[in-house]
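Everything below concerns the one structure shown next.
Numbering (the numbering used here), first residue to last: 220 to 570.
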């Protein structure tokens, strides 16, 4: 939906959300909510990206005695370089390479750890264990990242500047492939963790913990595969999170894309995320907090997207079909329900 919005309307999601026909009160409410959610949520998520990437790199170079904070700074510098000097095409190629590297690494780790397929198939039945609500929301928040909706709607215009039927078909195929691959990677990560960590009693707070849980049973190669996967996931996301924030906030404020303000916003998100990642908090705690925040923000952004996708004045004949609306409302209902349950449980209203 986000890709179709960008191609057909020529606008990003933030611009569509703040269209003049919404009225000044609604527009300003959306701006305040959107800016707050993106600025805070993506800064936290950026800290999680850098912490996760550092965990992966620690597994690869831990024997050299390089500190976690130094690795975070190195990853931050690499991300900053691409944000300042990288062109869209260069960044796209880097992200594709990192995602493919991550996919191969986690696929290899699953083959080595050999999860119980009977239990694996049983896990396909939707269910949230009593103690798994927070983890379920975090998993949704990291698989369907809210900022990607803004990023897709904005960047498709660079790749497909016209709104032809051919462009829409190509965007649909491209989006299906990328989202499908993201879902597969999530399954591979969960499968590896379940096979190597579940029931072991090991609490993972560093790459050393992760390595010690995997290496004895599956050999050193498994440790390096997981390390490469985490590094690829962290570095790729540490570039996309600031970019998405820049696209969205620049549209909210009417700033030029790729101008000084655009790059300034991206660097601010990166710097704040780096500072949080350097605070000394357990990396796993940072990652989990950021993913939960994304899971709670997702239904709000999804509602705005659904509203925009049903405006004929914006999309003409390319508005949502009844089936697309039904599926979209299903996503909103599930994510909103999980988030509401988490909040009510925290207030001791819902056990």
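Cβ atoms here follow ideal geometry from the backbone N, Cα and C, with glycine treated the same way.
Annotation: the continuous alpha helix (DSSP H) that includes residue 261 extends over 243–280.
Collapsing the DSSP output to three states places residue 522 in a helix. With respect to the 9 Å criterion, residue 445 and residue 552 are not classified as neighbours on the basis of their beta carbons.
For residue 322, the closest of 513, 409, 507 by C-alpha to C-alpha distance is 409. Here the stretch 273–280 makes contact with the stretch 445–460; the two share three or more CB pairs at distances below 8 Å. By the CB criterion at 9 Å, residue 266 and residue 496 fall inside the cutoff. Residue range 287–304 is occupied by the alpha helix (DSSP H) that includes residue 289.
In terms of Cα proximity to residue 558, the closest of 355, 251, 341 is 355. Contact between residue 372 and residue 379 does not hold, since their C-beta atoms are separated by about 12 Å, which reaches or exceeds 8 Å.
Taking all protein chains shown into account, residue 470 has 16 or more neighbouring C-beta atoms within 10 Å of its C-beta and is therefore buried.
Look at residue 379 here: in three-state DSSP terms it is coil, with no helix or strand label.
When the alpha-carbon of residue 404 is set against those of 362, 530, 491, the nearest one is in 362. Counting every other CB atom within 10 Å of its CB across the protein chains shown gives residue 304 a total below 16, marking it as exposed.
Around the C-beta of residue 287, 16 or more other C-beta atoms lie within 10 Å, and the residue is accordingly described as buried. Segment contact: the stretch 338–347 against the stretch 231–245, fewer than three CB-CB distances shorter than 8 Å; contact not assigned.
Counting the other Cβ atoms within 10 Å of the Cβ of residue 289 gives fewer than 16, which makes it exposed.
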